[in-house]
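Here the structure comes first, spelled out in structure tokens, and everything after it is commentary.
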DNA sequence: TTGTATGCGTTATCAC
DNA sequence: GTGATAACGCATACAA
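Chains as they are written, first to last, in my numbering: chain A, 1270 to 1611; chain B, 1270 to 1611.
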């Protein structure tokens, strides 16, 4: 309840018999102020327990030094790694990070966007929800000249910097690797086709099949939302085929894990009968038995890069920029779930 | 660059030949305004593309509808679960959540606190860094009547709501369980004693030993920071004892996992030679082989409860409240790493 | 039920 | 190098 006692620049000014503008300038290290007065002001401010009112400054300058981050699920390791990267850069450059999760729901994502906008964030970093196919709620930002950076699940329809991982290449190498292990019928459990990342992973898979001289078979490709449950459903379907697969490339590790779990439970040997590769390199992937071969995505680096690009735009708002799509490298990690003894 | 075009309540007022205050009231659904004018104003606002300037409102009301969250590491599953819970409640009640991670460093935690304070968050939810033994940076909030809620790693020195898990009980049951499995020399790898959670886990361990009629042995208790590396160091030390332990209760799952890894690598059978129990129920714990017995903490619920308590305080600032420490239940999950065939 | 007047704390513009 | 003043957009005490 000691709100009345909040010291302002006017209090400091009065005490020193100078003007508030001088105090303001001094506290902002404006070079126009003489060394002597600046020191005096800083000292007095300290003594009086002055704390700048960021709210007032934000209001005045129309800037908040805040960047909004929207991710589908905070506790997904990939996303929390990206957030860590963002947070690291933002913290160093004096920005605050506001984080929200869409829970992969369009409606929530949209409401979050409204809120961030209303709170006048200086910029937005987002990986869109699985559900999101309409982007009106995101047009808000470009329309008002608020920079936005997309990562991972990006949107073609909006012109902006985009950071993606080499999904195609990762999937390609994963599938080639399965072929090199002697697999002839390689199945794919992929994600929803409205998301580029899954489209690209699927394309990499198909290209690898072609380059390996293996035929493609529609029956061997299943698309769903890549949950644990759907992974099990999918593998059951695959096992019911007249010609069963001898390898499965899953578009994420969660699915790979549930697939392996089900295969072992039903008596298959992994990787001997059926080899499995996942995608994302979740922390559990190297700890489980068999450990899961997977494709590593540099989450932390993506966060750093996204924040760098965003903050650069925030600080140079007038400058016209060439938007770029940066493809971060992925690499295949071969573990037990696919390493057959030849 | 379309900043000039931002519609304000004054624009609406002018257009309708009414006063800005009426517009302000109408938009806030102030019941004093007549149904007719309210409708008219809302309609006009919509037509003119009015977007309330939250910055101005915040400045005016000295409230931001923002709650600050400080956790040691965002990507720790327990913490991201708590964050999810907080986010869920906050979102429903119209609050924005600002998240920062201290990386378990006092200095960063302190700077974050300053920033949150400067940004005038309405309240703070925090689990303190491992390093934190001095709390001056947190006194800031109670001093200015900004509510703060502690969870998990709480602070005795500050009067506030606290949500903890039943560390004592969880540790007690874990250790009793090891004793019931026939273990006679149960070791403990615990965390730093400046954190209550680890003090309580250790106390639970000691009480369980006593209640099981087992002697305590100082050599069997090792305290460190519970990283993977330190876990391995610790277990090496234990294995070098003249009388080796036949069970180890670890204060987190990361340590448990590294301990098991090392035990198996050096030829011990888990749980037969040495049984292991962890703490926290990380997602990997049920996936690894052997799966890890552990103590579950209700992270999501803790988040919900913390946010509920905080927001209640924010909304009833005048009310004098009785601070409470809420103990959330833990439960022991018995898995392969401790389940001996008797 | 509506209008008038004022101020929140800071920064920017202009003057000196 | 410093000062005076206005303005940002909104909410509220008070008046009508």
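We put the CB at the ideal spot given by N, CA and C, even for glycine.
- Linking residue 1445 of chain A to residue 1555 of chain A through their CA atoms gives a straight-line distance of about 21 Å.
- Taking a 10 Å sphere around the C-beta of residue 1414 of chain A, we find fewer than 16 other C-beta atoms and assign the residue as exposed.
- Excluding residues up to 5 positions away in sequence, 1366 lie with their Cβ nearer than 6 Å to the Cβ of residue 1356 of chain B in the same chain.
- In the same chain as residue 1592 of chain B, and ignoring 5 residues on each side of it, the C-beta atoms closer than 6 Å to its own belong to 1428, 1429, 1430, in chain order.
- Nearest to residue 1399 of chain A by C-alpha distance, out of A/1286, A/1376, A/1546, A/1575, is A/1376.
- In summary, the residues of the region 1335-1353 of chain A whose CB is separated from some CB of chain B by less than 7 Å are 1343, 1344, 1346, 1349, 1350, 1352, 1353, in the order they occur in the chain.
- Residue pairing from DSSP places residue 1456 of chain B in a beta bridge opposite B/1517.
- The three-state reading of DSSP puts residue 1568 of chain B in helix, counting H, G and I together.
- Across the structure, residue 1409 of chain B and residue 1383 of chain B are spaced so that their CA atoms are roughly 8 Å apart.
- Residues of the same chain with a CB within less than 6 Å of the CB of residue 1598 of chain A, apart from the 5 flanking positions on each side, are 1435 in chain order.
- The C-alpha of residue 1322 of chain A lies about 13 Å from the C-alpha of residue 1314 of chain A.
- Residue environment: residue 1574 of chain A is assigned as buried (16 or more neighbouring CB atoms within 10 Å of its CB, all protein chains considered).
- In terms of Cα proximity to residue 1433 of chain A, the closest of A/1559, A/1371, A/1402, A/1394 is A/1394.
- Spatial neighbours of residue 1512 of chain A in its own chain (CB-CB distance under 7 Å, excluding positions within 5 residues in sequence) are listed in chain order as 1454.
- In chain order, 1323, 1324 make up the part of chain B whose C-beta sits under 7 Å from the C-beta of residue 1389 of chain A.
- For residue 1534 of chain B, the enclosing alpha helix (DSSP H) stretches over residues 1522-1534.
- In its chain, beyond the 5 residues on either side, 1605 have a beta carbon closer than 8 Å to the beta carbon of residue 1558 of chain A.
- Cα atoms of residue 1389 of chain B and residue 1281 of chain A: separation of roughly 21 Å, rounded to the nearest angstrom.
- Assignment of residue 1563 of chain B by DSSP, reduced to helix, strand and coil, places it in the strand class.
- For the pair residue 1568 of chain A and residue 1354 of chain A, the CB atoms are nearer than the 8 Å cut-off.
- Between the alpha carbons of residue 1588 of chain B and residue 1327 of chain A lies a gap of roughly 30 Å.
- Taking the C-beta atoms as reference points, residue 1495 of chain B is found nearer than 8 Å to residue 1520 of chain B.
- Looking at the DSSP output, residue 1336 of chain A sits in a beta bridge with A/1366, A/1392.
- Under the Cβ criterion of 8 Å, residue 1355 of chain B is not counted among the residues facing chain A.
- Cβ contact annotation for residue 1552 of chain A (same chain, cutoff 7 Å, sequence separation greater than five): 1346, in chain order.
- Annotated as proximal: residue 1518 of chain A and residue 1443 of chain A, with beta-carbon spacing under 8 Å.
- Residues of the region 1555-1567 of chain B that bring their beta carbon within less than 7 Å of a beta carbon in chain A comprise 1556, 1557, 1558, in sequence order.
- Nearest in C-alpha terms to residue 1370 of chain A, of all of B/1515, B/1603, B/1360, is B/1360.
- Within 10 angstroms of the beta-carbon of residue 1610 of chain A lie fewer than 16 other beta-carbons, which makes it exposed.
- DSSP places residue 1412 of chain A in the uninterrupted alpha helix (DSSP H) bounded by 1405-1412.
- Cβ contact annotation for residue 1507 of chain B (same chain, cutoff 6 Å, sequence separation greater than five): 1456, 1514, in chain order.
- Contacts between residue 1397 of chain B and chain A, judged by CB atoms closer than 7 Å, are missing: the closest CB pair is about 18 Å apart.
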